[in-house]
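Report on the following structure.
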Amino acid sequence: MIALDLQEKRFGSTVVLGALNLRVAGGEVLGIEGPSGSGKSTLLRILAGVDTRFRGEMQAPSRRAMVFQEPNLMPWRRVLDNIILPTGADEGTAEAWLARVGLAGYGAHWPGQLSLGQARRVGLARAFAARPDLLILDEPFVSLDAGRVEELLDLTAELIAETKPAVVLASHAPQELDRLATRRARLTGRPARLSEG
Numbered sequence: 001m002i003a004l005d006l007q008e009k010r011f012g013s014t015v016v017l018g019a020l021n022l023r024v025a026g027g028e029v030l031g032i033e034g035p036s037g038s039g040k041s042t043l044l045r046i047l048a049g050v051d052t053r054f055r056g057e058m059q060a061p062s063r064r065a066m067v068f069q070e071p072n073l074m075p076w077r078r079v080l081d082n083i084i085l086p087t088g089a090d091e092g093t094a095e096a097w098l099a100r101v102g103l104a105g106y107g108a109h110w111p112g113q114l115s116l117g118q119a120r121r122v123g124l125a126r127a128f129a130a131r132p133d134l135l136i137l138d139e140p141f142v143s144l145d146a147g148r149v150e151e152l153l154d155l156t157a158e159l160i161a162e163t164k165p166a167v168v169l170a171s172h173a174p175q176e177l178d179r180l181a182t183r184r185a186r187l188t189g190r191p192a193r194l195s196e197g
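With the first letter of the sequence shown counted as 1, position 43 gets the number 43 in the UniProt record's numbering; the numbers rise by one all the way through.
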C-alpha cells in the first residue's frame, strides 16, 4: 500500500504539483495519464523515494522498484550484475528472473549487446528481482514497435498478477493503460492535480 498526501511540489518558485491524494493497495494498478510536462515523472520520483523535497506526507513500503523510460543499465557491468547490484538478489534469483522474462543465458552479456527490447526486459527482471511491494512504471514501453509492446504488456501483466505489488503506471499510450490499469487517473492543470475516473 502506498499513501501520498501531497500539499505541493515545486522547482524553485514554480509549483509543478498541487495538492493531491493518492492511494494504491497491493494488487492494484493505478494508471496515470496526462500531457507531456504535466508532472507524471515528478510524481513517480516522489513515490519511488528518489525526490524527497516536497511538502506533504507519504507512507510507502520499504521495498520499491522503478522501471524507467530508459533501461538505465550500467554499460560497464554484465547483465547479471545489473540485476544483482541494485537489488541485492543472489545469482540464482537473478538468473531465474532473466529466464522469466525470456532472457535465459543472457547473464554474461554486456548491455551494449542487447536490443532495446531485451534491455527493457532486463529492466523488468531487475524490478521484480527486488521483490517490490510498490512497483513504479514510467513509460516503460516507449520507443518500441507495436509487436514488442504487446509482448512486454503480456509479460508485465503476468508478473504483476503473480507477485501482486501495488503498481503505479504512467503512460501516454491508451492501450497500455487499458491492458494493465485497474484504476485510472489524470494529471492536469498548472499546478497539476490528480483526478480519478
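Note that beta-carbon positions come from the ideal geometry of N, C-alpha and C, so glycine has one too.
Residue pairing for Gly56: DSSP places it in a beta bridge opposite Leu6. Each residue's CA atom was taken as its position, placing Val29 and Gly49 some 18 Å apart. Contact between the region 111–129 and the region 78–86 is present: three or more C-beta pairs spanning the two stretches fall below 8 Å.
Counting along the chain, Leu155 sits inside the alpha helix (DSSP H) bounded by residues 146–163.
Partner residues in the beta bridge of Met66, as assigned by DSSP, are Ile136. Taking Leu152 as reference, the option from Phe54, Thr188, Leu103, Gly107 with the minimal CA-CA separation is Leu103. In summary, Met1 is exposed, with fewer than 16 beta-carbon neighbours lying within 10 Å of its beta-carbon over all protein chains present.
Judged by DSSP secondary structure, Val168 falls within the beta strand (DSSP E) whose first and last residues are 166–170. The beta carbon of Gln175 lies closer than 8 Å to those of Val149, Leu153 in the same chain, with the five residues before and after it left out. Judged by pairs of C-beta atoms under 8 Å, the region 55–75 touches the region 122–129, as three or more such pairs exist. Under the three-state reduction of DSSP, Glu33 is assigned to strand.
Gly39 counts as buried, since no fewer than 16 other beta carbons sit within 10 angstroms of its beta carbon. Considering only Phe128, Gly117, Gly107, Glu57, the residue with the shortest C-alpha distance to Ala157 is Phe128. In the DSSP assignment, Asn21 falls outside any alpha helix (DSSP H) and lies within the beta strand (DSSP E) extending over 20–24.
C-alpha of Gly27 to C-alpha of Ala65: approximately 15 Å in a straight line. Between Glu57 and the set Gln7, Ala130, Asn82, the nearest pair of CA atoms involves Gln7. The C-beta of Ser171 has 16 or more other C-beta atoms within 10 Å across all chains shown, which makes the residue buried.
The shortest CA-to-CA distance from Ala60 to any of Val67, Ala25, Phe54 is the one to Ala25. Residue range 79–87 is occupied by the alpha helix (DSSP H) that includes Thr87.
Pairing Ile46 with Asn82, the inter-Cα distance amounts to about 23 Å. Apart from sequence neighbours up to five positions away, no residue of its chain approaches Thr163 with a beta-carbon distance below 6 Å.
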